[in-house]
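Novice:
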Amino acid sequence: MRALAAAAPGVKRFLHSHPGARARAPYWDRNRWRVDYSLHGHVELEVVLDRGYRMLGVWKGLQARAEFTRGGFGELFDSPWLIVGFGVLFMAPFVDPRRPVRLLHLDLLVLLSFGVSYWFLRDGVLRPAIVLVYPVLVYLLARMLWAGMRARRRDGRLVPYAPTRLLVIGLLLIAGARVGLNLATHKTFDISYASVVGADRVWHKEPLYVQSGSHLDTYGPLAYAAYVPFELVFPWHESWDRLPAAHAAAIVFDLLTIAGLVLLGRRLRAGPEGTRLGVALAWGWAAFPFTLLGLMLSTNDGLVAMLVVWTFVAFASPTARGALLAAAAAAKFFPGALLPALAAGRGDRDRGRAGVCALAFAAIFAFAIAVYMPPGGPRAVWNSTLGWQLAREPDFSLWAIQSGIGWTKTLLEGLAIGLAVLVAVRPGRRSLVQVAALAAAVTIALQLPAGHWFYFYIVWFAPLVLAALFGEYGAEERLAAHGVQEQVHLVGTAAAREEDELVRA
2 MRALAAAAPG VKRFLHSHPG ARARAPYWDR NRWRVDYSLH GHVELEVVLD RGYRMLGVWK
62 GLQARAEFTR GGFGELFDSP WLIVGFGVLF MAPFVDPRRP VRLLHLDLLV LLSFGVSYWF
122 LRDGVLRPAI VLVYPVLVYL LARMLWAGMR ARRRDGRLVP YAPTRLLVIG LLLIAGARVG
182 LNLATHKTFD ISYASVVGAD RVWHKEPLYV QSGSHLDTYG PLAYAAYVPF ELVFPWHESW
242 DRLPAAHAAA IVFDLLTIAG LVLLGRRLRA GPEGTRLGVA LAWGWAAFPF TLLGLMLSTN
302 DGLVAMLVVW TFVAFASPTA RGALLAAAAA AKFFPGALLP ALAAGRGDRD RGRAGVCALA
362 FAAIFAFAIA VYMPPGGPRA VWNSTLGWQL AREPDFSLWA IQSGIGWTKT LLEGLAIGLA
422 VLVAVRPGRR SLVQVAALAA AVTIALQLPA GHWFYFYIVW FAPLVLAALF GEYGAEERLA
482 AHGVQEQVHL VGTAAAREED ELVRA
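If you use my numbering, the sequence shown corresponds to residues 2 to 506, in order.
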């Protein structure tokens, strides 16, 4: 088989140019054979053959090391009708033809523009796929900082025409379609496999952190423990391609996120107006194509989104928000960076309770880590999780395709840490909408210097971005009523003054 691989035209040229390249023994990867060629310890070329030893492809450089960069990643999700259809649904309720240039239209279009980058990835055109991610992230970072630093009330209705009842019916249909698309997608990702295998190890009281070569133990313990109920109902049978537990978990996390967003809207606004805002938030989540991607591939990123949303639902209690944020951090670590902003709460009056939030966070996070501490102690946990993630070779990022700019990564990391501290110590009162915006800004700032970024991570900040954008609108009926009352008050005041003047005369 190695001879077959070496006979491929691309391989011949590579070996001629790099006589020191070493071939790895052919290995079977689920449904195909692979032969890797390495230079200085890095895979530089991979040959893929099918069961009958027919050549399927020869991949070089980054595409040899990272299979997801070769195109055709999302299978059913890659269908144009699906991405475009959900994109239209995402925009439809919020378009106001009477205000064609309003900022919300631009904000939503920018969110959808992740699709331009993804379209290049779909075809395996790597450089533009990577580069085009960053303008979107930078815009969203600037927009969230703008929304978070100063409270704003924008003119116009968030949903100009659709009544709430129609939104609810549409939301139920979209949520049902999302479930159906998850069940119709048979492809799973290594994230799904890791979560289910980890849950199986948790249930059988086996150690989680074993520093295996496949790096399936790179998440926090809650990312595995949360899958235990699903793995008990749909047991893992040591198969990569059949993971019903991962499908079930992804669906439950998604539905709980939708429910949480409805409740979050009621926290942001009182009464029917809050319900309408909550349904709009849930619609935005459900119709956004890039919250659908992770659901269809049954990743565990929906668990983080769900916990972050419910952290904001429980925001009024510093203990509850600290505990829920700790659960999110014990799943994928990064939400721990939101602790300074969320502990500070809504500003000056909440700062006295920041210690309560931080203490609840520390207690829950420490307990989660301690319960699953391996024999090697904290060092083993670090080496398997954050230590490995921070040291991994860049793949889907600027630093994977451009050499000599490592200093920019370090600079962005420092700025992200500084921002996480700044939003906590900045004085003054802030609304819950502003807190969501600042939390989204910190999340995006941390993603910018990531050596490994992918579209799955959009769900980490998507609900916070939607809350910040949509929260600037609302109070439509109340504002209108306030305007009428103010006019009545002015007329009444003028009449009273005329009457006083007549009396004095």
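Note that CB positions come from ideal geometry on N, CA and C, so glycine has one too.
How should residue 134 be labelled, buried or exposed, when 16 other C-beta atoms within 10 angstroms of its C-beta is the threshold for buried?
Specialist: Here residue 134 is taken as the residue at index 133 of the sequence shown, counted from 1. With 16 or more other Cβ atoms within 10 Å, it is buried.
Novice: Count the C-beta pairs between the region 356-376 and the region 249-268 that are closer than 8 Å, then say yes if the count reaches three, no if not.
Specialist: No: the two stretches stay apart, fewer than three of their Cβ pairs being nearer than 8 Å.
Novice: Return the Cβ separation of residue 286 and residue 467 in integer angstroms, given the expectation that the two are a contact with Cβ distance under 8 Å.
Specialist: Counting from 1 along the sequence shown, the entry for residue 286 is found at position 285. Counting from 1 along the sequence shown, the entry for residue 467 is found at position 466. Contact flag correct, Cβ pair sits at about 6 Å.
Novice: Would you mind sorting residue 379 into buried or exposed? The rule is 16 or more other CB atoms within 10 Å of its CB.
Specialist: Taking the sequence shown and counting its residues from 1, the one referred to as residue 379 is at position 378. When all chains shown are included, residue 379 counts as exposed.
Novice: List the DSSP bridge partners of residue 41.
Specialist: Along the sequence shown, read from residue 1 onward, the residue named residue 41 stands at position 40. In DSSP, residue 41 forms no bridge with anything.
Novice: If you follow the beta strand (DSSP E) that residue 126 is part of, which residue opens it and which one closes it?
Specialist: The count along the sequence shown starts at 1 and reaches residue 126 at position 125. Note, residue 126: premise wrong, no beta strand (DSSP E); not H, not E.
Novice: Check residue 105 in the structure and name its three-state DSSP category.
Specialist: Numbered from 1 along the sequence shown, position 104 holds the residue referred to as residue 105. In the structure shown, residue 105 sits in a helix (DSSP, three-state: H, G or I).
Novice: Specify, as a first and last residue, the run of the beta strand (DSSP E) that residue 60 falls within.
Specialist: The residue you call residue 60 lines up with position 59 of the sequence shown. Its beta strand (DSSP E) spans residues 56-61.
Novice: Mapping DSSP to helix, strand and coil, what is residue 23?
Specialist: By one-based count along the sequence shown, residue 23 stands at place 22. DSSP places residue 23 in strand when its eight states are reduced to three.
Novice: Starting from residue 464 and walking both ways along the alpha helix (DSSP H), at which residues does that stretch end?
Specialist: What you label residue 464 is simply residue 463 of the sequence shown in a count that begins at 1. 459-472 is the span of the alpha helix (DSSP H), which, as asked, contains residue 464.
Novice: Which two residues bound the contiguous alpha helix (DSSP H) that contains residue 302?
Specialist: In the sequence shown, the residue the question calls residue 302 occupies position 301. It spans 302-314 - the alpha helix (DSSP H) in which residue 302 sits, taken as one unbroken run.
Novice: Given a cut-off of 8 Å, decide if residue 266 and residue 276 are closer than it, judged by their beta-carbon atoms.
Specialist: Stepping through the sequence shown from its first residue, residue 276 is reached at position 275. Stepping through the sequence shown from its first residue, residue 266 is reached at position 265. Yes; because the gap between Cβ atoms is below 8 Å, this pair is in contact.
Novice: Should residue 32 be labelled buried (16 or more other beta-carbon atoms within 10 Å of its own) or exposed?
Specialist: For the purposes of this step, residue 32 is taken as residue 31 along the sequence shown, with counting starting at 1. Looking at its Cβ environment, which holds fewer than 16 other Cβ atoms inside 10 Å, residue 32 is exposed.
Novice: Taking C-beta to C-beta, are residue 364 and residue 421 nearer than 8 Å?
Specialist: Counting from one through the sequence shown, the residue named residue 364 turns up at place 363. Counting from one through the sequence shown, the residue named residue 421 turns up at place 420. Contact flag unset, no.
Novice: Which same chain residues end up closer than 6 Å to residue 327 when comparing Cβ atoms and leaving out the 5 residues on each side of it in sequence?
Specialist: As a position in the sequence shown, residue 327 is number 326, starting the count at 1. Excluding positions up to five away in sequence, the list reads 362, 365 and 366.
Novice: Within the region 346-397, note down every full beta strand (DSSP E) run reaching 3 residues or more, in order along the chain.
Specialist: Correct list: empty.
Novice: So, for residue 161: in the same chain, excluding its five sequence neighbours on each side, which residues have a beta-carbon less than 7 Å away from its beta-carbon?
Specialist: Within the sequence shown, numbered from 1, the residue matching residue 161 stands at position 160. Only 97 meet the Cβ criterion.
Novice: I'd like the list of long-range same chain contacts for residue 63, defined as Cβ closer than 8 Å, with 5 residues on each side in sequence excluded.
Specialist: Position 62 of the sequence shown holds residue 63. 70, 127, 396, 401 and 402, listed in sequence order.
Novice: Take residue 210 as the anchor and find which of 263, 148 and 372 has the nearest alpha-carbon.
Specialist: Working through the sequence shown from its first residue, we reach residue 210 at position 209. It is 372.
Novice: Where do the N-terminal and C-terminal ends of the alpha helix (DSSP H) with residue 244 fall, by residue?
Specialist: In the sequence shown, counting from the first residue as 1, residue 244 sits at position 243. No alpha helix (DSSP H) contains residue 244, which DSSP labels as neither H nor E.
Novice: What would DSSP say about residue 406, mapped onto helix, strand or coil?
Specialist: If you number the sequence shown from 1, residue 406 lands on position 405. Looking at residue 406 - three-state DSSP - the assignment turns out to be coil, as it is neither helix nor strand.
Novice: Helix, strand or coil for residue 8? Go by DSSP, reduced to three states.
Specialist: Against the sequence shown, residue 8 aligns to sequence position 7. Residue state, collapsed to three classes: coil.
Novice: What does the Cβ neighbour count give for residue 154, buried or exposed, with the cut at 16 atoms within 10 Å?
Specialist: As a position in the sequence shown, residue 154 is number 153, starting the count at 1. Exposed, because fewer than 16 other Cβ atoms sit within 10 Å of the Cβ of residue 154.
Novice: Have a look at 143, 56, 120 and 317 and flag the residue whose alpha-carbon is nearest the alpha-carbon of residue 82.
Specialist: In the sequence shown, counting from the first residue as 1, residue 82 sits at position 81. Among 143, 56, 120 and 317, the Cα nearest to that of residue 82 belongs to 120.
Novice: When the Cα of residue 339 is compared with those of 118, 244, 148 and 309, which residue comes out closest?
Specialist: For the purposes of this step, residue 339 is taken as the residue at position 338 of the sequence shown. Comparing Cα positions, the closest option is 309.
Novice: With DSSP run on the structure shown, which of helix, strand or coil describes residue 510?
Specialist: Outside the modelled stretch of the chain, which goes from 2 to 506, sits residue 510, for which no answer is possible.
Novice: In three-state DSSP terms, what is residue 293?
Specialist: Looking up residue 293 in the sequence shown gives position 292. Of the three classes helix, strand and coil, the one that applies to residue 293 here is helix, per DSSP.
Novice: Quick check: what's the CA-CA separation for residue 80 versus residue 264?
Specialist: Here residue 80 is taken as the residue at index 79 of the sequence shown, counted from 1. Here residue 264 is taken as the residue at index 263 of the sequence shown, counted from 1. Going by the C-alpha atoms only, they are around 33 Å apart.
Novice: Once the 5 residues before and after residue 104 are set aside, which same chain residues still bring their CB inside 8 Å of it?
Specialist: Locating residue 104 in the sequence shown gives position 103, counting from the first residue. Correct list, in chain order: 155.
Novice: Using the beta-carbon count (16 or more within 10 Å), is residue 289 buried or exposed?
Specialist: The sequence position of residue 289 within the sequence shown is 288, counting from 1. Classification for residue 289: buried.
Novice: Identify the continuous alpha helix (DSSP H) that holds residue 440 and give its terminal residues.
Specialist: Position 439 of the sequence shown holds residue 440. Its alpha helix (DSSP H) spans residues 433-448.
Novice: Taking only the alpha-carbon atoms, compute the straight-line gap between residue 220 and residue 193 and give it to the nearest angstrom.
Specialist: Here residue 220 refers to the residue found at position 219 of the sequence shown. Here residue 193 refers to the residue found at position 192 of the sequence shown. Cα to Cα, the separation comes out at about 12 Å.
Novice: Less than 8 Å between C-beta atoms, sequence neighbours within five positions excluded: which residues of the same chain meet that for residue 124?
Specialist: By one-based count along the sequence shown, residue 124 stands at place 123. So the list reads 72, once near-sequence residues are dropped.
Novice: Taking the alpha-carbon positions, what's the residue 184 to residue 348 distance?
Specialist: Counted from its first residue, the sequence shown places residue 184 at position 183. Counted from its first residue, the sequence shown places residue 348 at position 347. If I take the Cα positions, the gap works out to 44 Å.
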